[in-house]
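S.K.: At position 280 of the sequence shown the residue is numbered 282 (our numbering), and the sequence of numbers has no breaks.
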Amino acid sequence: MMKIIIIWVAVLAFLSQFKVEARTFIALPKYQCPTGWDVNPATKLCYKLINRPMPQIFAQQYCKVLDPKAKLLRIQDKQENDFVREYTYGGDAIWIGAKAKFDIIDRKWANANCNQNVNFVCERKIEEPAESAESESSECPRKWIYRSQTKSCYRAFSGNRNITWLDGDKLCGESGAESKEDAALVSVTNAYENKFVMDLARRRQPNWQYIFLGAIGDTKSRKHWDWVDGNAFKQFHNWELTMPRGNRRMAVLAMARNGRWQNTYADQAMPGRTVVVCKFTLN
(Lines of atoms letter the chains of each structure in order from A and count residues from 1; the text may use other names and numbers.)
(Lines give C-alpha, C1' and ligand atoms only; values in the text may rest on other atoms or scores of the structure.)
Protein backbone atom coordinates (compact mmCIF):
# COMPACT_ATOMS: atom_id res chain seq x y z
CA MET A 1 0.00 0.00 0.00
CA MET A 2 1.25 3.43 -0.89
CA LYS A 3 2.40 5.19 2.21
CA ILE A 4 1.81 8.88 2.61
CA ILE A 5 3.41 10.93 5.34
CA ILE A 6 3.07 14.59 6.22
CA ILE A 7 6.30 16.56 6.26
CA TRP A 8 6.40 19.66 8.45
CA VAL A 9 9.80 20.86 7.25
CA ALA A 10 10.93 22.56 4.09
CA VAL A 11 11.39 20.08 1.24
CA LEU A 12 12.63 20.08 -2.33
CA ALA A 13 10.20 19.21 -5.09
CA PHE A 14 12.18 17.21 -7.60
CA LEU A 15 10.22 17.60 -10.79
CA SER A 16 12.70 16.21 -13.29
CA GLN A 17 10.96 12.99 -14.33
CA PHE A 18 8.89 14.54 -17.07
CA LYS A 19 10.00 16.93 -19.79
CA VAL A 20 7.28 19.09 -21.29
CA GLU A 21 7.26 21.82 -23.87
CA ALA A 22 7.32 25.41 -22.66
CA ARG A 23 3.75 26.63 -22.23
CA THR A 24 2.05 29.90 -21.57
CA PHE A 25 -0.28 29.91 -18.56
CA ILE A 26 -2.96 32.55 -18.91
CA ALA A 27 -4.80 34.22 -16.05
CA LEU A 28 -8.39 33.63 -17.13
CA PRO A 29 -10.78 36.57 -16.71
CA LYS A 30 -12.77 34.61 -14.11
CA TYR A 31 -9.66 34.15 -11.98
CA GLN A 32 -7.63 37.33 -11.83
CA CYS A 33 -3.94 37.30 -10.93
CA PRO A 34 -1.59 40.27 -10.59
CA THR A 35 0.52 41.14 -13.60
CA GLY A 36 3.28 38.58 -14.12
CA TRP A 37 1.53 35.82 -12.14
CA ASP A 38 -0.18 32.73 -13.60
CA VAL A 39 -3.34 30.98 -12.47
CA ASN A 40 -4.27 27.39 -11.71
CA PRO A 41 -8.09 27.38 -12.02
CA ALA A 42 -8.31 24.11 -10.06
CA THR A 43 -6.77 25.62 -6.93
CA LYS A 44 -7.80 29.23 -7.58
CA LEU A 45 -4.25 30.25 -6.73
CA CYS A 46 -1.73 32.44 -8.54
CA TYR A 47 1.86 31.28 -9.06
CA LYS A 48 5.13 32.97 -9.97
CA LEU A 49 8.30 31.05 -10.81
CA ILE A 50 11.43 32.78 -9.49
CA ASN A 51 14.56 31.80 -11.38
CA ARG A 52 16.86 33.28 -8.77
CA PRO A 53 18.45 30.52 -6.65
CA MET A 54 18.67 31.23 -2.91
CA PRO A 55 18.35 29.44 0.47
CA GLN A 56 14.88 28.41 1.59
CA ILE A 57 14.51 31.07 4.29
CA PHE A 58 15.42 33.84 1.86
CA ALA A 59 12.97 32.39 -0.66
CA GLN A 60 10.18 32.72 1.93
CA GLN A 61 11.13 36.34 2.57
CA TYR A 62 11.43 37.08 -1.15
CA CYS A 63 7.84 35.95 -1.73
CA LYS A 64 6.61 38.30 1.01
CA VAL A 65 8.53 41.23 -0.42
CA LEU A 66 7.29 40.39 -3.91
CA ASP A 67 3.69 40.48 -2.70
CA PRO A 68 2.49 40.81 0.92
CA LYS A 69 -0.21 38.22 0.16
CA ALA A 70 2.28 35.70 -1.24
CA LYS A 71 4.11 32.80 0.39
CA LEU A 72 6.41 29.98 -0.65
CA LEU A 73 4.51 27.32 -2.59
CA ARG A 74 2.76 24.56 -0.66
CA ILE A 75 1.65 21.59 -2.75
CA GLN A 76 -1.56 20.11 -1.38
CA ASP A 77 -2.50 17.33 -3.80
CA LYS A 78 -1.54 15.41 -6.94
CA GLN A 79 -3.32 17.84 -9.28
CA GLU A 80 -1.33 20.75 -7.94
CA ASN A 81 1.85 18.69 -8.04
CA ASP A 82 1.23 17.92 -11.74
CA PHE A 83 0.45 21.57 -12.46
CA VAL A 84 3.65 22.77 -10.81
CA ARG A 85 5.73 20.14 -12.59
CA GLU A 86 4.35 21.42 -15.89
CA TYR A 87 4.62 25.06 -14.83
CA THR A 88 8.31 24.66 -14.05
CA TYR A 89 8.88 22.72 -17.29
CA GLY A 90 9.62 19.54 -15.35
CA GLY A 91 13.33 20.22 -15.22
CA ASP A 92 14.60 21.81 -12.03
CA ALA A 93 14.29 21.31 -8.32
CA ILE A 94 12.39 24.06 -6.51
CA TRP A 95 11.85 25.06 -2.93
CA ILE A 96 8.37 24.53 -1.53
CA GLY A 97 7.00 25.27 1.92
CA ALA A 98 6.13 23.08 4.87
CA LYS A 99 3.07 20.90 5.55
CA ALA A 100 3.10 19.06 2.26
CA LYS A 101 2.30 15.46 1.35
CA PHE A 102 5.25 13.23 0.51
CA ASP A 103 4.82 10.06 -1.51
CA ILE A 104 7.55 7.64 -0.38
CA ILE A 105 6.99 5.27 -3.31
CA ASP A 106 7.21 7.87 -6.08
CA ARG A 107 10.02 9.79 -4.35
CA LYS A 108 9.12 13.01 -6.15
CA TRP A 109 10.07 15.13 -3.15
CA ALA A 110 12.99 14.81 -0.77
CA ASN A 111 14.50 16.45 2.30
CA ALA A 112 17.21 18.98 1.49
CA ASN A 113 19.77 21.30 2.99
CA CYS A 114 17.86 24.53 3.62
CA ASN A 115 20.99 26.55 2.89
CA GLN A 116 21.21 25.21 -0.64
CA ASN A 117 20.62 27.77 -3.41
CA VAL A 118 17.53 26.65 -5.34
CA ASN A 119 14.87 28.26 -7.56
CA PHE A 120 11.37 28.50 -6.11
CA VAL A 121 7.70 29.30 -6.73
CA CYS A 122 5.64 31.87 -4.84
CA GLU A 123 1.89 31.47 -4.54
CA ARG A 124 -1.00 33.70 -3.50
CA LYS A 125 -4.78 33.74 -3.65
CA ILE A 126 -6.52 35.07 -6.74
CA GLU A 127 -7.69 38.66 -6.89
CA GLU A 128 -11.37 39.35 -6.45
CA PRO A 129 -12.91 40.31 -9.81
CA ALA A 130 -12.73 44.04 -10.25
CA GLU A 131 -15.90 46.03 -10.64
CA SER A 132 -16.49 48.00 -13.80
CA ALA A 133 -12.92 48.97 -14.62
CA GLU A 134 -13.15 52.10 -16.69
CA SER A 135 -15.15 53.89 -19.34
CA GLU A 136 -15.16 56.98 -21.42
CA SER A 137 -17.77 58.73 -19.35
CA SER A 138 -19.49 62.07 -19.32
CA GLU A 139 -17.95 62.35 -15.85
CA CYS A 140 -14.61 63.13 -17.50
CA PRO A 141 -13.58 65.58 -20.21
CA ARG A 142 -13.16 64.31 -23.75
CA LYS A 143 -10.14 61.99 -24.24
CA TRP A 144 -9.99 61.19 -20.54
CA ILE A 145 -10.88 57.77 -19.10
CA TYR A 146 -13.06 57.46 -16.00
CA ARG A 147 -12.37 54.82 -13.33
CA SER A 148 -15.18 54.34 -10.86
CA GLN A 149 -13.08 52.75 -8.10
CA THR A 150 -10.99 55.89 -7.67
CA LYS A 151 -13.56 58.37 -9.00
CA SER A 152 -10.76 59.77 -11.13
CA CYS A 153 -10.02 60.61 -14.75
CA TYR A 154 -6.90 59.38 -16.55
CA ARG A 155 -5.15 60.16 -19.80
CA ALA A 156 -2.05 58.56 -21.33
CA PHE A 157 0.35 60.28 -23.71
CA SER A 158 2.87 58.57 -25.97
CA GLY A 159 6.36 59.49 -24.90
CA ASN A 160 9.79 59.18 -26.41
CA ARG A 161 13.30 58.37 -25.29
CA ASN A 162 14.12 61.97 -24.41
CA ILE A 163 11.19 62.94 -22.21
CA THR A 164 11.93 63.69 -18.55
CA TRP A 165 9.74 63.55 -15.45
CA LEU A 166 9.60 67.35 -15.48
CA ASP A 167 8.33 67.26 -19.07
CA GLY A 168 5.64 64.80 -18.04
CA ASP A 169 4.62 66.89 -15.05
CA LYS A 170 4.28 69.94 -17.29
CA LEU A 171 2.28 67.98 -19.88
CA CYS A 172 -0.20 66.80 -17.24
CA GLY A 173 -0.64 70.30 -15.89
CA GLU A 174 -1.31 71.70 -19.35
CA SER A 175 -3.70 68.92 -20.38
CA GLY A 176 -5.67 69.34 -17.17
CA ALA A 177 -5.81 73.11 -17.58
CA GLU A 178 -7.44 72.66 -21.00
CA SER A 179 -10.41 71.17 -19.15
CA LYS A 180 -10.06 73.45 -16.12
CA GLU A 181 -8.89 70.54 -13.99
CA ASP A 182 -5.85 70.22 -11.72
CA ALA A 183 -4.20 67.17 -13.29
CA ALA A 184 -0.85 65.70 -12.26
CA LEU A 185 1.28 62.69 -13.00
CA VAL A 186 -0.60 59.60 -11.87
CA SER A 187 -0.66 58.36 -8.28
CA VAL A 188 -1.16 54.64 -7.63
CA THR A 189 -3.05 53.65 -4.49
CA ASN A 190 -3.45 49.86 -4.85
CA ALA A 191 -2.52 46.85 -6.99
CA TYR A 192 -5.63 47.20 -9.15
CA GLU A 193 -4.76 50.77 -10.04
CA ASN A 194 -1.17 49.74 -10.73
CA LYS A 195 -2.39 47.23 -13.33
CA PHE A 196 -4.92 49.73 -14.69
CA VAL A 197 -2.14 52.28 -15.33
CA MET A 198 -0.08 49.61 -17.10
CA ASP A 199 -3.05 48.77 -19.32
CA LEU A 200 -3.53 52.44 -20.20
CA ALA A 201 0.13 52.70 -21.19
CA ARG A 202 -0.06 49.54 -23.27
CA ARG A 203 -3.05 50.86 -25.20
CA ARG A 204 -1.30 54.14 -25.91
CA GLN A 205 2.16 52.72 -26.63
CA PRO A 206 2.35 48.89 -27.00
CA ASN A 207 6.15 48.83 -26.79
CA TRP A 208 6.37 51.10 -23.75
CA GLN A 209 9.21 50.50 -21.32
CA TYR A 210 8.55 53.01 -18.53
CA ILE A 211 5.72 55.11 -17.08
CA PHE A 212 6.35 58.26 -15.09
CA LEU A 213 4.51 58.26 -11.73
CA GLY A 214 3.69 61.36 -9.74
CA ALA A 215 5.81 60.82 -6.64
CA ILE A 216 8.77 62.65 -5.12
CA GLY A 217 11.01 61.28 -2.40
CA ASP A 218 14.31 60.26 -0.88
CA THR A 219 16.71 57.78 -2.52
CA LYS A 220 17.89 56.68 0.93
CA SER A 221 14.52 55.53 2.28
CA ARG A 222 11.11 54.18 1.26
CA LYS A 223 9.50 56.07 4.12
CA HIS A 224 9.97 59.59 2.80
CA TRP A 225 7.90 59.62 -0.39
CA ASP A 226 4.78 61.56 -1.33
CA TRP A 227 2.32 61.58 -4.22
CA VAL A 228 2.20 65.06 -5.71
CA ASP A 229 -1.61 64.93 -5.91
CA GLY A 230 -1.91 64.49 -2.14
CA ASN A 231 -2.82 60.79 -1.99
CA ALA A 232 -1.23 58.80 0.84
CA PHE A 233 1.91 57.05 -0.39
CA LYS A 234 2.15 54.62 2.52
CA GLN A 235 -1.07 52.76 1.76
CA PHE A 236 0.48 50.95 -1.23
CA HIS A 237 3.88 50.62 -2.86
CA ASN A 238 5.38 48.28 -5.44
CA TRP A 239 9.13 48.85 -5.34
CA GLU A 240 11.77 46.85 -7.16
CA LEU A 241 13.66 44.96 -4.46
CA THR A 242 16.80 47.10 -4.77
CA MET A 243 14.98 50.43 -4.89
CA PRO A 244 15.19 53.26 -4.05
CA ARG A 245 18.86 53.97 -4.60
CA GLY A 246 21.14 56.64 -6.05
CA ASN A 247 23.71 59.31 -5.34
CA ARG A 248 21.35 62.30 -5.42
CA ARG A 249 19.04 62.58 -2.46
CA MET A 250 15.88 63.92 -4.13
CA ALA A 251 14.28 61.62 -6.69
CA VAL A 252 11.06 60.90 -8.58
CA LEU A 253 9.28 57.69 -9.53
CA ALA A 254 8.81 55.55 -12.65
CA MET A 255 7.22 52.17 -13.35
CA ALA A 256 8.93 49.48 -15.44
CA ARG A 257 7.19 46.94 -17.69
CA ASN A 258 7.00 44.40 -14.86
CA GLY A 259 4.85 46.83 -12.86
CA ARG A 260 7.58 47.47 -10.31
CA TRP A 261 8.64 50.96 -9.28
CA GLN A 262 12.09 52.46 -9.47
CA ASN A 263 13.41 55.89 -8.67
CA THR A 264 14.91 58.24 -11.23
CA TYR A 265 15.69 61.96 -11.38
CA ALA A 266 13.33 64.68 -12.52
CA ASP A 267 15.71 66.12 -15.11
CA GLN A 268 16.84 62.80 -16.60
CA ALA A 269 15.17 60.72 -19.31
CA MET A 270 14.61 57.00 -18.77
CA PRO A 271 16.65 54.53 -20.87
CA GLY A 272 13.68 53.55 -23.03
CA ARG A 273 10.35 54.65 -24.46
CA THR A 274 8.39 56.33 -21.68
CA VAL A 275 4.65 56.93 -21.40
CA VAL A 276 3.12 59.80 -19.43
CA VAL A 277 -0.10 58.99 -17.53
CA CYS A 278 -2.00 61.91 -15.99
CA LYS A 279 -4.77 61.81 -13.40
CA PHE A 280 -7.18 64.05 -11.55
CA THR A 281 -9.86 63.16 -9.02
CA LEU A 282 -13.41 64.38 -9.47
CA ASN A 283 -14.85 66.54 -6.72
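Glycine included, C-beta positions come from ideal geometry on N, C-alpha and C. Quick caveat: nothing in here was measured; it's all calculated off a predicted structure.
#1: Return the residue from the list Lys50, Glu125, Ala158 and Asp231 that minimises the CA-CA distance to Leu284.
#2: If you count every other CB in all the chains shown that lies within 10 Å of the CB of Leu243, and 16 or more means buried, which is it?
#3: Given that a residue counts as buried once 16 or more other Cβ atoms are within 10 Å of its Cβ, and exposed if not, what is Lys236?
#4: Straight-line CA distance for Tyr156 to Arg262?
#5: Kindly indicate the opening and closing residues of the alpha helix (DSSP H) around Gln58.
#6: On the criterion of 16 or more Cβ atoms from any shown chain inside 10 Å, does Ile218 qualify as buried, or is it exposed?
#7: Going by DSSP, what residues sit across from Arg149 in a beta bridge?
#8: Within the same chain, show all residues whose beta-carbon is closer than 7 Å to that of Asn164, passing over the 5 residues directly before and after it, in chain order.
#9: Are there three or more Cβ pairs, one per stretch, closer than 8 Å when the region 144 to 160 is compared with the region 58 to 74?
#10: Please look up how many angstroms separate the CB atoms of Gly216 and Leu187, rounded, as I've assumed it's under 8 Å.
#11: Assuming Gln151 and Tyr194 form a contact by the criterion Cβ under 8 Å, report the distance between their Cβ atoms to the nearest whole angstrom.
#12: Taking just the CA atoms, how far does Asn209 sit from Pro55?
#13: Three or more beta-carbon pairs under 8 Å between the region 38 to 52 and the region 113 to 127, yes or no?
#14: Below 7 Å between beta carbons: does that hold for Arg126 and Cys48?
#15: Which runs of the beta strand (DSSP E) fall wholly inside the region 217 to 280 and span at least 3 residues, in chain order?
#16: Lys273: buried (16+ other C-beta within 10 angstroms of its C-beta) or exposed?
#17: Check Lys197 in the structure and name its three-state DSSP category.
#18: Report the rounded CA-to-CA distance for Thr166 versus Thr221, giving the unit in angstroms.
#19: Find out if the Cβ-Cβ distance for the pair Phe214, Ala179 is shorter than 7 Å.
#20: Closer than 6 Å by C-beta to Phe238: which residues in its own chain qualify, once you throw out the five before and the five after it? Chain order, please.
#21: Which residue marks the beginning of the beta strand (DSSP E) containing Cys2, and which one marks its end?
#22: Given a cut-off of 7 Å on the beta-carbon distance, is the pair Asn265 and Ala253 in contact?
M.R.: Reading it off the structure:
#1: Minimum Cα-Cα distance from Leu284 among the listed residues Lys50, Glu125, Ala158 and Asp231 corresponds to Asp231.
#2: exposed
#3: exposed
#4: 20 Å
#5: If you look at Gln58, you'll find it in the alpha helix (DSSP H) that goes Gln58 to Leu68.
#6: buried
#7: Ser154
#8: Its chain contains Ala271 as the residues whose beta carbon lies nearer than 7 Å to that of Asn164, once the 5 sequence neighbours on both sides are disregarded; these appear in chain order.
#9: no
#10: 3 Å
#11: 7 Å
#12: 30 Å
#13: Contact holds: three or more Cβ-Cβ distances are below 8 Å.
#14: yes
#15: 227 to 229, 252 to 258 and 263 to 266
#16: A quick correction: the sequence has Pro, not Lys, at residue 273. Label assigned to Pro273: exposed.
#17: DSSP places Lys197 in helix when its eight states are reduced to three.
#18: 18 Å
#19: no
#20: Thr191 and Asn192
#21: Nothing about residue 2 can be read from this structure; the chain reaches only from 3 to 285.
#22: Against a cut-off of 7 Å, the Cβ pair of Ala253 and Asn265 comes out as a contact.
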